[in-house]
Amino acid sequence: MAISIFFGLCGGSTIFSRNNLARAIKTMIAAAFITLGTYLAAKLHILSEYDVISFGVLHMLSFATLIVAAVYGLTRLSKKRGDLIFFIVSAVLAGLVFLADHLLTTADLTPDPWLFYLHRGFARRAWTGGDYFPMIPYLGYVFAGAAVITLFYGGGKSLLPKLDGKWNLPFRYVGRHTLVVVVVHQIVIMLLLACITAAFVDKGNFVIF
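The sequence shown runs contiguously to residue 274 in my numbering.
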C-alpha cells in the first residue's frame, strides 16, 4: 500500500514539475550509481549476487516520469479540456497496465534478459536484486496517481486550499528532495545491516545477507 501511494504521488508530481526531463535524467543517473555500487559490493562479497539492483524503484520512476510527462504534454495541447483529457487518458492507461499485469501473471513466460524490466514473469531471481520494480504493474500506479491528482489540482490549483500552511513545511521539504531521501535511506539501511551482521551474526565480517 505504501509503495503504491508513493508511486501515485510521483505520478502526480509530473503535473507540477517545470522540467520533467531534467528530473528523469537526474533519477536515471542516481539509479545508475546504485546499480554500479551494488554490483561492486557484490564483487567485493559485501552483497550477494542476488542483491545487485538492476531495475529498482529509481530506474522505474525515471522511465515512468518520461512516459507520464509525455502524455501530460500531449493532452495539454487542448487548452480548454486538457485536464479532463489527461485524467481520462491516465485512468485508461492505468487500467490497461493493470490488465496487462493480470494477463502476464497468468501466462507461461520465459525469462528474458531484455524484457525483465517490463514484468516479473520475464525475470530470474538473479536479475531482480533486493530492489526490483518492473514497469508492469508499477507504471499503472504512477498513471493512477496522476489521474487522481488531476482531480484535486486541476490547472495547478488546489481544491483544498485551507489545508495549506506552515504545518506542512517538513512534508514539502521532503517532497522537494525525494531523490536524495530515497538514495540516502538505501545506503543507511545497507550500512546498518552490515554493522549488525559484523556485530552479531558473523563477527568482524561486514556482509549484508
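Ideal placement from N, C-alpha and C gives every residue a C-beta, glycine not left out.
* Would you tell me roughly how many angstroms separate the C-alpha atoms of C260 and I254, rounded to the nearest one? => As a first step, residue 260 must be located in the sequence shown, where it is residue number 195. As a first step, residue 254 must be located in the sequence shown, where it is residue number 189. Rounded to whole angstroms, C260 to I254 spans 10 Å at the Cα level.
* **Span separating the alpha-carbon of L256 from that of S113** => Your numbering for residue 256 matches position 191 in the sequence shown. Your numbering for residue 113 matches position 48 in the sequence shown. Near 15 Å, if we compare the C-alpha coordinates of S113 and L256.
* Is DSSP giving K108 helix, strand or coil here? -> Residue mapping note: residue 108 aligns to position 43 of the sequence shown, counting from 1. In the three-state reduction of the DSSP assignment, K108 falls in the helix class.
* To do: Count the C-beta pairs between the region 115-131 and the region 198-205 that are closer than 8 Å, then say yes if the count reaches three, no if not.
  => Yes, since at least three Cβ pairs between the region 115-131 and the region 198-205 fall closer than 8 Å, the two stretches touch.
* Using a Cβ-Cβ cut-off of 7 Å (strictly less than) and excluding sequence neighbours within five positions of R88, which residues of its own chain qualify? -> Residue mapping note: residue 88 aligns to position 23 of the sequence shown, counting from 1. Listed in chain order, the non-local C-beta contacts of R88 below 7 Å within the same chain comprise S82, T130, local neighbours out to five positions each way being set aside.
* Output the distance between the C-alpha atoms of M66 and L169, rounded to the nearest integer angstrom. => Residue mapping note: residue 66 aligns to position 1 of the sequence shown, counting from 1. Residue mapping note: residue 169 aligns to position 104 of the sequence shown, counting from 1. M66 and L169: Cα-Cα distance of roughly 21 Å.
* **Status (buried if at least 16 other CB within 10 Å, exposed otherwise) for D166** => Residue mapping note: residue 166 aligns to position 101 of the sequence shown, counting from 1. Answer is buried; the Cβ neighbour count reaches 16.
* Asked: Can you tell me the Cα-Cα spacing of D173 and L258, whole angstroms?
  -> Along the sequence shown, read from residue 1 onward, the residue named residue 173 stands at position 108. Along the sequence shown, read from residue 1 onward, the residue named residue 258 stands at position 193. Each residue's alpha carbon lies about 36 Å from the other.
* To do: Thinking F217 and S155 are a contact (beta carbons under 8 Å), I'd like their distance in whole angstroms, please.
  => Residue mapping note: residue 217 aligns to position 152 of the sequence shown, counting from 1. Residue mapping note: residue 155 aligns to position 90 of the sequence shown, counting from 1. Not really, about 14 Å apart at Cβ, beyond 8 Å.
* To do: Name the two residues that bound the continuous alpha helix (DSSP H) containing F128.
  => Residue 128 sits at position 63 when you count from the first residue of the sequence shown. Per DSSP, the unbroken alpha helix (DSSP H) holding F128 starts and ends at 122-140.
* Counted within 10 angstroms of its Cβ, other Cβ atoms place P199 as buried (16 or more) or exposed -> Translated into positions along the sequence shown, residue 199 becomes position 134. Classification of P199: buried, given that the 10 Å Cβ count is 16 or more.
* When T92, F187, Y197, G186 are compared against V246, the one with the closest alpha-carbon -> Residue 246 sits at position 181 when you count from the first residue of the sequence shown. By alpha-carbon distance to V246, the top candidate from T92, F187, Y197, G186 is T92.
* **R185 - DSSP class collapsed to helix/strand/coil** => Numbered from its first residue, the sequence shown carries residue 185 at position 120. Helix at R185.
* Asked: Where does M66 sit, in a helix, a strand or coil, going by DSSP?
  -> One-based indexing of the sequence shown puts residue 66 at position 1. Coil.
* With a CB to CB cut of under 7 Å and the five nearest residues on each side skipped, what residues in its chain are close to F72? -> Translated into positions along the sequence shown, residue 72 becomes position 7. Within the same chain, F72 has close Cβ partners Y203, Y206, V207, G210.
* Asked: Taking C-beta to C-beta, are I214 and G77 nearer than 8 Å?
  -> Counting from one through the sequence shown, the residue named residue 214 turns up at place 149. Counting from one through the sequence shown, the residue named residue 77 turns up at place 12. Between I214 and G77, the gap from beta carbon to beta carbon is short of 8 Å.
* To do: Check D196 in the structure and name its three-state DSSP category.
  => In the sequence shown, residue 196 corresponds to position 131, counting from 1. D196 sits in coil when the DSSP states are folded into three classes, being neither helix nor strand.
* To do: From the DSSP output, in three-state form, read off Y218 for me.
  => On the sequence shown, residue 218 is found 153 positions in, with the first residue counted as 1. Residue state, collapsed to three classes: coil.
* Asked: What residues in its chain sit with their C-beta under 7 Å from that of D177, if we drop five residues either side in the sequence?
  -> Within the sequence shown, the letter at position 112 stands for residue 177. Excluding the 5 residues flanking it on each side, D177 has same chain C-beta neighbours closer than 7 Å at F187, in chain order.
* To do: Mark I118 as exposed unless 16 or more other C-beta atoms lie within 10 angstroms of its C-beta, in which case mark it buried.
  => Indexing the sequence shown from 1 puts residue 118 at position 53. Buried, since its Cβ has 16 or more Cβ neighbours within 10 Å.
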